[in-house]
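So the sequence shown is numbered by the UniProt record's numbering: it starts at 1 and just counts up by one.
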Amino acid sequence: MQIPPPAASRYTSHPFKSPQSPRNPMQTLVERVAAHIKAKFLAESSGHDWHHINRVWQLTRQIAAQEGANREIAELGALVHDIADWKFHDGDDSVGPREAEILLLREGASDAVIAAVVDIVATISYKGAGVTTAMQTLEGQCVQDADRLDAIGAIGIARCFAYGGHAGRLMHDPDEAPVMHQTAAAYKASKGASLNHFYEKLFLLKERMNTPTGRALAEPRHQFMEDFVAQFLAEWNVAG
């Protein structure tokens, strides 16, 4: 695949050359970025930790291989996709792309690779049931599918409640209906119970997969979530 020429950065004063870190000549760019991200996120406890990023990385490799995507760009996109999630930066969508760009510059990535990866970071986030932001590149589609796969199934269930506890959300409020947010601002402002998140996002992801590989992998995870929520509600309502 031919990498498109870079566009002017929207996130830093690029082109600039930030101080470069000492590099192990035996490591690839992907390996260096992975080491940095692992060190930064290993102790994170909201479900957006290194283990989440590593699962997204491995799923991205699997999907990219099946779909014929540029492996380096896809893998780098997976590694930095949560480098500064808006949820932990007061809703600011620009922090993640900016930090990704700075890291990639420091590690010696080419302008073309940086532009492609930063675009993935800027576009990957779910922004509400009524909001559609198309991922433009195949590499980005692979990363987005991988990230969405880790948001569903057994791991997705665990991550949903882990983040809910981290953010002080109720586990379930039977008097609170799910909200199909029509704008990114409304979605970001939501403080709903964790179980509502299944209806507001997680149950919708199967139909929003970009690639045939992603769609196939999503099917059993989606079914597992449906079974879980049915059992959860049956146990919740045991008192009648």
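Glycine included, each C-beta is placed from N, C-alpha and C at the ideal position. These figures come from a predicted structure and were not determined experimentally.
Range covered by the alpha helix (DSSP H) that runs through residue i
| i | result |
| --- | --- |
| Phe-203 | Phe-203 -> no alpha helix (DSSP H), and no H or E assigned at all. |
| Pro-174 | Unbroken run through Pro-174: none, as it is neither H nor E. |
| Met-225 | 212-236 |
| Tyr-126 | Where Tyr-126 is concerned, there is no enclosing alpha helix (DSSP H), given that its DSSP letter is neither H nor E. |
| Ile-101 | It is worth fixing the name first, because residue 101 is Glu in this sequence and not Ile. 95-106 is the extent of the alpha helix (DSSP H) around Glu-101. |
| Gly-35 | In the sequence as presented, Gly is not what sits at residue 35; that position holds Ala. Unbroken alpha helix (DSSP H) run through Ala-35: 29-41. |
| Gln-58 | 50-67 |
| Asp-145 | 138-149 |
Nonlocal neighbours in the same chain, by C-beta distance under 7 angstroms from residue i, ignoring five residues either side
| i | result |
| --- | --- |
| Cys-142 | Thr-60, Ile-63, Ala-64, Glu-67, Ala-69, Ala-74, Thr-211 |
| residue 261 | This structure gives no information on residue 261, because the portion of the chain shown stretches from 1 to 240. |
| Ala-184 | Lys-127, Gly-128, Val-131 |
| Thr-109 | Note that residue 109 corresponds to Ala in the displayed sequence, not to Thr. Counting only Cβ-Cβ distances below 7 angstroms, and skipping sequence neighbours, we find Leu-29. |
Presumed contact (8 angstroms Cβ cut-off) between residue i and residue j, rounded CB distance
| i | j | result |
| --- | --- | --- |
| Ala-146 | Val-33 | That belief does not hold up - the Cβ atoms of Ala-146 and Val-33 are roughly 16 angstroms apart, past 8 angstroms. |
| Gly-77 | Glu-31 | With a Cβ gap of about 15 angstroms, Gly-77 and Glu-31 do not count as contacting. |
| Met-209 | Ala-218 | 5 angstroms |
| Arg-215 | Gly-156 | Actually they are not in contact, since the Cβ atoms of Arg-215 and Gly-156 sit about 16 angstroms apart, beyond 8 angstroms. |
| Pro-97 | Ala-122 | 4 angstroms |
6 angstroms Cβ shell around residue i - same chain, five flanking residues per side excluded
| i | result |
| --- | --- |
| Leu-170 | Ala-193 |
| Ala-8 | Caution applies to Ala-8, whose pLDDT of 47 falls short of 50 and renders its modelled position unreliable; the value that the coordinates give is listed next. Answer for Ala-8: no residue qualifies. |
| Phe-198 | Val-229 |
| Pro-178 | Asn-196, Tyr-199, Glu-200 |
| Asp-173 | Ala-193 |
Assigned exposure category for residue i - 16 Cβ within 10 Å defines buried
| i | result |
| --- | --- |
| Ser-125 | buried |
| Gln-144 | buried |
| Val-238 | exposed |
Own chain residues within Cβ distance below 8 angstroms of residue i, not counting five before or after
| i | result |
| --- | --- |
| Leu-202 | Ala-151, Ile-152, Gly-156, Cys-160, Met-225 |
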